[in-house]
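Heads up: the protein sequence lines correspond to chains R and Z, in order. Position 183, counted from 1, in the first sequence is what the numbering used here calls 183; the numbers after and before it change by one each time, with no gaps. Position 144, counted from 1, in the second sequence is what the numbering used here calls 144; the numbers after and before it change by one each time, with no gaps. Note that the Cβ used here is the ideal one computed from N, Cα and C, for glycine as well. Bear in mind the structure is a predicted one, so any value in this text is a computation, not a measurement.
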Amino acid sequence: MSVDDNAVGWSRDDMAKRAAFDIPDGAYVNLGIGIPELVAKHVPEGREVVYHTENGLLGMGPSPVDDEGDPELINAGKRRVTAVPGASYFHHADSFVMIRGGHIDICVLGAMQVSEHGDLANWSTGSPDSIPAVGGAMDLVAGANTIRVITQHCTRDGQPKLVEACSYPLTGAAVVKRVYTDLAVVDIGANGFQLVELAPGIDFEHVRDLTAAELRPLPN
Amino acid sequence: MIDKELPTVAEAVADIFDGATVMIGGFGEAGSPIELIHALIDQGASGLTVVNNNAGSGEVGLAALLKSGGVSKLICSYPRTAGSRVFPDLYRSGRIELELVPQGTLSERIRAGGAGIPAFFTPTAVGTPLQDGKEIRTFDGRDYVMEHGLTADFALVKCSRADRHGNLVYNKTARNFGPVMATAAATTIVQASEIVDIGALDPEVVVTPGIFVSRVVGVAKPALESELVAREVSYP
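Listed below in structure tokens is the structure:
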């Protein structure tokens, strides 16, 4: 994977590619707003994966080049996308039957905070003047079979996003199974955060110092 | 003879009354019935409760309706939009009430409303602040929140093709909330980019059957919200 000379760890696109690498052949996968949108660019060689966007499309392809395309063919982040061969359109209630009825295998979401118990906060800071915006996130964490998160390891001002307990209002409790950050891949199990993989050039101590909860190292 | 076609958007929205609940289709600009919304602004109804997934962008369409002061309450899943100050300003100054609803709960509440189902249970929002004040029941060891069906006095919906019976076909992801909102409103008003002869729509591909539609008005070249926003148009 390519790494920007000035960046530390994985780029946004690298994170999306790493998340796509874990998606098995034949999976139906919902992609949330933000870095998860980039996952649609990446289907590992030899696999067929169907991407779902909750505004009514199964078989979502990447954004068209130069922002051409149809303004009525968009993803959950309201960016123009493409429909791949075999795609289908449907209305919102059917789309959320797919989500809430347990038909979506994997959902990849963004996050403000993830706790060591798998709690997710990604819709509101809870501050009185913030505009709360939940979208489909609460439906996805309640209904999709496996929830994964792609996020920067820290906020823009350096605060860890992987924490012991979320200080922001929850989207769902004990829902996240795996987190892809710019620094590492981290699983969440009965013992909390477990390192799975380090980004190139990143060492364990660096990730541990930027994680506000216990991070278990790779087994020897 | 059944003929639901009206000649102008102004006539189509003329009877929307003060205090009405109005469902408005669209997910961002996709499916937003912008000409019907502008006609509603011109018509001047006030004290409206609006149901939409979002809160509009720029100062056109839904954002312009909010800016006009005609909306007292918004029922919505995602009122955050890059580049629109209208809703944040109204919300922070306490001039609009927000009922925040998870998107799937919103679409299911509308579906239930249209199907005559007064309430249902869902695991969505359990353990979050959005369950506050709602009944919780446990089924097979899992907690569920009770949510109420949602109906409206009017629905404003955009589609690509319609016939005079109100059979509708949509364009790509512009379908979104249109079909469920059409079922849940006492009066469903549709703007269609094209009105075709009866029989021209293949019954196998009709998405909204005409029974759910009250009025159809042709808007041949609907404006594009993003283009108006890019040109910094402010309606009216």
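- Within the region 159–184 of chain Z, those residues whose Cβ lies closer than 8 Å to any Cβ of chain R are, in chain order, Tyr170, Asn171, Lys172, Thr173, Ala174, Arg175, Asn176, Phe177, Gly178, Pro179 and Val180.
- In the structure shown, Phe177/Z falls within a coil segment according to DSSP collapsed to helix, strand and coil.
- Using a CB distance below 8 Å, the part of the region 89–113 of chain R facing chain Z consists of Tyr89, Phe90, His91, His92, Ala93, Ser95, Phe96, Ile99 and Arg100, ordered along the chain.
- Among the CB atoms of chain R, one or more fall inside 8 Å of the CB of Phe27/Z.
- For the pair Ala144/R and Leu6/Z, the Cα-to-Cα distance works out to about 43 Å.
- Thr138/Z counts as exposed, since fewer than 16 other C-beta atoms from the protein chains shown sit within 10 angstroms of its C-beta.
- In this structure, Val43/R is the residue among Arg100/R, Val43/R, Gly189/R and Ala173/R with its C-alpha nearest to the C-alpha of Gly26/R.
- In terms of CA proximity to Ser46/Z, Gly19/Z leads the group Ala182/Z, Val126/Z, Gly19/Z and Leu156/Z.
- DSSP links Cys76/Z through a beta bridge to Leu100/Z.
- The Cβ atoms of Gly32/R and Gly110/R sit closer than 8 Å to each other.
- Among the residues of chain R, none has a CB under 9 Å from the CB of Gly149/Z; the nearest is roughly 12 Å distant.
- For the region 170–181 of chain R, the set of positions with a beta-carbon nearer than 8 Å to some beta-carbon of chain Z reads Leu170, Thr171, Gly172 and Ala173 in chain order.
- Residues of the region 122–141 of chain Z with a C-beta atom less than 8 Å from some C-beta of chain R are Thr122, Pro123, Thr124, Ala125, Val126, Gly127, Thr128, Pro129 and Leu130, listed in chain order.
- If you draw a 10 Å sphere on the C-beta of Met146/Z, you find fewer than 16 other C-beta atoms in it, and that means exposed.
- Of the other Cβ atoms in all chains shown, 16 or more fall within 10 Å of the Cβ of Thr21/Z; this residue is therefore buried.
- Contact of Ser93/Z with chain R is not assigned, every C-beta pair being separated by 8 Å or more.
- Cβ-Cβ distances below 6 Å link Lys41/R to Pro62 in the same chain, with the five nearest sequence neighbours on each side left out; the list follows chain order.
- Annotation for Val9/Z: no beta strand (DSSP E) segment contains it, though the alpha helix (DSSP H) segment containing it runs Val9 to Ala12.
- Chain Z places a beta carbon closer than 8 Å to that of Glu54/R, counting this residue as a contact.
- Per DSSP, Asp139/R lies in no beta strand (DSSP E); the unbroken alpha helix (DSSP H) holding it starts and ends at Ala137 to Gly143.
- Residue-level contact check: Ala30/Z touches chain R, since one or more beta carbons of chain R fall below 8 Å from its beta carbon.
- Along the region 71–127 of chain R, the alpha helix (DSSP H) occurs as fully enclosed runs of 4 or more residues at 92–100, listed in sequence order.
- For the pair Gly28/Z and Arg216/R, the Cα-to-Cα distance works out to about 42 Å.
- At a beta-carbon threshold of 7 Å, the residues of chain Z lying near Pro132/R are Leu100, ordered along the chain.
- Close to Ser234/Z, with beta-carbon spacing below 8 Å, lies no residue of chain R; the smallest spacing is near 20 Å.
- In this structure Arg85/Z is exposed. Its beta-carbon is surrounded by fewer than 16 other beta-carbon atoms within 10 angstroms.
- Per DSSP, the unbroken alpha helix (DSSP H) holding Arg18/R starts and ends at Arg12 to Phe21.
- Tyr91/Z and Met98/R have their C-alpha atoms spaced approximately 33 Å apart.
- Not one beta carbon of chain R lies nearer than 8 Å to the beta carbon of Arg85/Z.
- Any Cβ of chain Z closer than 8 Å to the Cβ of Gly135/R would place that residue at the interface, and such an atom is present.
- In this chain, Ala173/R is not harboured by any beta strand (DSSP E), its DSSP state being neither H nor E.
- DSSP places Val65/R within a helical segment (H, G or I) once states are collapsed to three.
- Proximity of Gly210/Z to chain R, defined by a Cβ-Cβ separation below 8 Å, is not satisfied.
- For Gly59/R, the closest alpha carbon among the candidates Ala83/R, Ser124/R, Ala142/R and Leu170/R is that of Ala83/R.
- Three or more beta-carbon pairs separated by less than 8 Å link the region 26–40 of chain Z to the region 8–16 of chain Z, which places the two stretches in contact.
- Within chain R, the C-beta atoms nearer than 7 Å to that of Glu108/Z come from Ala93 and Phe96, in chain order.
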